[in-house]
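Colleague: Plus 46 on top of the position in the sequence shown (first one is 1) and you've got this note's numbering.
Before I ask anything, let me first share the structure, which is written out below as structure tokens.
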Amino acid sequence: MMPIIFIIGPTAAGKSEVSFLLSRQIKGEIVSCDSMLIYKEPKIITSKPIIGMLKEIKHHFIGTISAQDAYNVFDYYLAATKKVTSLFKKKVPAIVCGGSGLYAKALIDGIFEDAGKDENLRKSLEEKAKIKGSVYLHKELRTVDEKAAEKISPNDLKRIIRALEVYNVSGVPISQKKCQTNGLYGKLPLKIFGLRLKRDALYERINKRVETMFQEGVIEEVRGLLQLNLSLTSQKIIGIREIGELLEGNCNLDEAKENMKKNTRRLAKRQITWFKKDERIEWLDIDGISPVKIKDEILRRAKYEVKFKPVKSFKMARKPQRLFFGFAAIFIVIISSIIFSLTGKANLIYSGITFLLIIKFNNSFWNKIFQFIIKRIPPDEIYFEGSYLARKIGLITHRIKLREIKEVVVTNYLGLPSFYRDTFKDMYQLEDKDEIVLFKCKHSQNPLMKFLVKYSMRWCLALQDPERFISGLKMRTSGINFKQELISTLPPAEVKKVSILKVRKTKLKGKIASRIVLLAIFLTLGLGIYYFPKIKPRVYRNMSAVYFIKGNMALNQENYKQAVNAYRKALKFNPKDANIYNQLSMAYMSLGQYEDALKALEEAIRFDSKLVEAYQNRAVIYRKMGRYKESIQACKQTIEVDPNFAKAYCS
């Protein structure tokens with residue numbers, strides 16, 4: 047029996063990303079458990095998942111009601127319980143994800159049926175409290191509901207009035223109603239997991255997320271929200287009040303940012319305190335662990351049996367006269383792949399590998415051929431080289447201007463999670479004006495630009511989660527839609543062909559024909575690398591960039607050994623890149639390997655004598671080693687290279 051998986055924890059812990067990866071693998075749907083993601087209008091300020099994630103995996107209770115409408119935990123309880131129960135009956139895996147403790151508790155343990163409201167009674171109780179105080183009302187509550195009075199503080203006027211109101215309207219004490227709750231716990235199989243980080247790491251993520259919000263245009267979003275008649279609940283979204291103060295001129299930009307960071311940290315602290323009380327939660331300490339590994343650990347603990355339907359082979363076609371071309375193409379690819387694999391040239395068999403993955407033969411003979419081929423190629427090089435070349439061919443064929451390419455790069459930069467974006471900003475030297483141009487690019491009516499934006503977002507997912515592509519290529523998971531992933535790497539002209547084939551009356555014919563188109567494209571790519579050696583430097587530069595990004599990702603997640611390995615691989619493809627040596631030194635420094643870090647910095651300075659960060663890092667390492675005279679000398683060299691580099695003066 048498939049359990050319903052809950053993934054909860056404080057804000058910015060990475061719940062959405064883990065839930066997305068989990069849902070993708072087990073072919074499930076995500077049920078949001080966040081009181082602020084329910085609203086349509088606020089997007090940036092609530093850190094909604096990116097559009098690509100929402101399209102690929104079905105999400106419930108995200109952007110479903112207007113921020114002007116009233117919505118409470120009871121409304122959520124009724125709708126979410128119905129949805130989760132429905133998914134369970136249909137045998138669709140459900141992943142409940144969120145950080146709103148009250149919403150999660152309502153779904154797990156239930157909530158008593160709303161007894162209704164009596165505004166006149168409420169007003170009279172409020173007036174009585176003004177005259178006689180809340181303690182008097184608390185004594186009154188004790189006479190009708192002693193259990194509730196023991197749990198509610200005499201100073202908590204709001205809860206006292208509500209308890210008295212429930213009793214007077216329904217005639218049943220509120221404590222008795224709470225015993226009649228009807229939650230999922232005990233009725234359906236549940237596995238509740240909590241993501242836990244060290245406080246400093248969590249606060250750092252929160253601070254980066256707030257900075258990213260301002261880069262993405264949260265001020266303009268709040269300006270628009272303040273023009274609406276927001277409900278009382280939506281007004282509590284962190285950032286609306288703080289940015290409202292900024293817009294009114296009551297504080298400056300830095301103060302608004304700091305207030306948002308402070309209040310978000312306080313929210314995270316309250317969430318941690320709330321969830322600590324529940325002993326049913328299985329906590330996962332995720333410091334320095336990638337989302338993919340967290341996902342795998344959750345699956346292991348949940349003892350989830352992942353089952354997938356095999357991809358239909360060509361034998362199931364109704365009109366076999368069309369199949370000759372398909373079988374001929376398969377035969378050519380298999381023979382070509384085996385021949386190419388014997389040469390030891392990894393790039394040459396890219397097309398054969400991808401096509402075999404699309405078809406996914408069940409026959410053991412074909413699997414043996416596949417295993418023979420896959421062992422001869424580093425799996426993490428397959429996807430990136432092919433996709434890079436396809437993108438380059440598309441750009442060259444259609445003569446896209448440099449400015450338009452930069453717009454796509456910006457989309458890559460904004461499509462990634464906040465803690466990867468700095469890497470893109472550094473690599474492509476993005477400026478604020480580029481981020482403004484992005485909106486023109488996203489809403490462009492040019493079909494070619496639409497394709498590039500869509501492709502670049504998929505490229506982000508590949509960089510964000512390379513292990514998924516590697517495990518997919520090793521056929522550890524068969525649930526990935528390889529065909530769709532490969533279509534996303536095609537040049538625009540070929541995407542158009544595939545789209546035409548897909549809308550034919552007979553879907554199976556379209557599938558066969560589109561596979562043949564894919565085969566031709568990827569076989570051409572493999573042969574292109576072989577016959578045109580000039581393309582190789584481009585591939586190598588791209589591979590260097592991929593490993594550089596992987597290294598930066600690992601460094602941000604405090605996986606320092608993994609970062610060192612990634613930077614070393616990047617240097618194999620581009621051994622004269624000073625920035626890679628500089629980043630490698632930082633990874634060594636974090637591991638305490640100061641001598642190795644100094645050697646890496648010497649190489650960085652050798653290839654770029656004006657790389658001011660390398661001089662500064664050398665000063666820091668000398669200081670950590672207690673070699674203060676050399677540290678001072680390094681600081682002086684930093685100032686000579688760049689007199690405006692303030693960090694050197696501070697040191």
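All C-beta atoms in this analysis are idealised placements derived from N, C-alpha and C, irrespective of residue type, glycine included.
(1) In three-state DSSP terms, what is aspartate 642?
(2) Counting Cβ pairs, one atom from each stretch, are 3 or more of them under 8 Å apart for the region 255-268 and the region 300-314?
(3) In the DSSP output, what is lysine 237 paired with across the bridge?
(4) Between which two residues does the beta strand (DSSP E) containing cysteine 143 stretch?
(5) Taking a contact to mean a Cβ-Cβ separation below 8 Å, would you say leucine 141 touches isoleucine 53 in this structure?
(6) Quick check: lysine 264 and isoleucine 90, are their CB atoms within less than 8 Å of each other?
(7) Nearest-angstrom Cα distance between glycine 440 and isoleucine 289?
(8) Name the two residues that bound the continuous beta strand (DSSP E) containing glutamate 87.
(9) Is the beta carbon of aspartate 333 sitting closer than 8 Å to the one on glutamate 604?
(10) I need the straight-line Cα distance from glutamate 291 to valine 77, nearest angstrom please.
(11) Over what stretch of residues does the beta strand (DSSP E) that includes glutamate 288 continue unbroken?
(12) Excluding sequence positions up to five away, which residues of its chain have a Cβ less than 6 Å from the Cβ of arginine 326?
(13) Beta carbon of serine 81, beta carbon of serine 170: below 8 Å?
(14) Would a C-beta distance cut-off of 8 Å place leucine 647 and asparagine 628 closer than the cut-off?
(15) Exposed or buried, lysine 622, counting other C-beta atoms within 10 Å across all chains shown (16 or more means buried)?
(16) Note down, one range per segment and in chain order, each beta strand (DSSP E) of at least 3 residues found wholly within the region 651-682.
(17) Tell me the DSSP secondary structure of arginine 168 in three-state form.
(18) CA-CA distance, alanine 209 and lysine 185?
(19) Between the Cα of proline 689 and the Cα atoms of Lys656, Glu676, Gly672, Tyr674, which residue gives the shortest distance?
(20) Is the Cβ-Cβ distance between lysine 308 and leucine 67 less than 8 Å?
(21) Report the partner residues of arginine 245 according to the DSSP bridge assignment.
(22) Quick one, which of Ala113, Trp329, Gly597, Lys104 has its alpha-carbon nearest glycine 270's?
(23) Return the residue from the list Ile283, Glu328, Val215 that minimises the CA-CA distance to asparagine 166.
(24) By Cβ distance, which residues of its chain are closer than 8 Å to lysine 137, with the 5 residues on each side in sequence left out?
(25) Kindly identify the DSSP beta-bridge partner or partners of glutamate 328.
(26) From Leu345, Asp654, Glu250, Tyr606, pick the residue whose C-alpha is nearest to that of glutamine 71; which is it?
(27) Is there contact here, the region 113-124 with the region 93-105, by at least three beta-carbon pairs under 8 Å?
Modeller: On the basis of the data shown:
(1) helix
(2) yes
(3) Ile51
(4) 140-144
(5) The question names leucine, but residue 141 in the sequence shown is isoleucine. For isoleucine 141 and isoleucine 53, yes; Cβs fall inside 8 Å.
(6) The identity of residue 264 in the sequence shown is valine, whereas the question assumes lysine. Yes, Cβ-Cβ distance for valine 264 and isoleucine 90 is below 8 Å.
(7) Because glycine 440 sits at a pLDDT of 35, beneath the cut-off of 50, its placement in the model cannot be relied upon, and the point is left open.
(8) No beta strand (DSSP E) holds glutamate 87; DSSP gives it neither H nor E.
(9) yes
(10) 34 Å
(11) Where glutamate 288 is concerned, there is no enclosing beta strand (DSSP E), although the alpha helix (DSSP H) it sits in stretches over 286-293.
(12) Ile238
(13) no
(14) yes
(15) exposed
(16) none
(17) helix
(18) 12 Å
(19) Lys656
(20) no
(21) None; arginine 245 has no bridge partner.
(22) Ala113
(23) Val215
(24) Met48
(25) Phe239
(26) Leu345
(27) no
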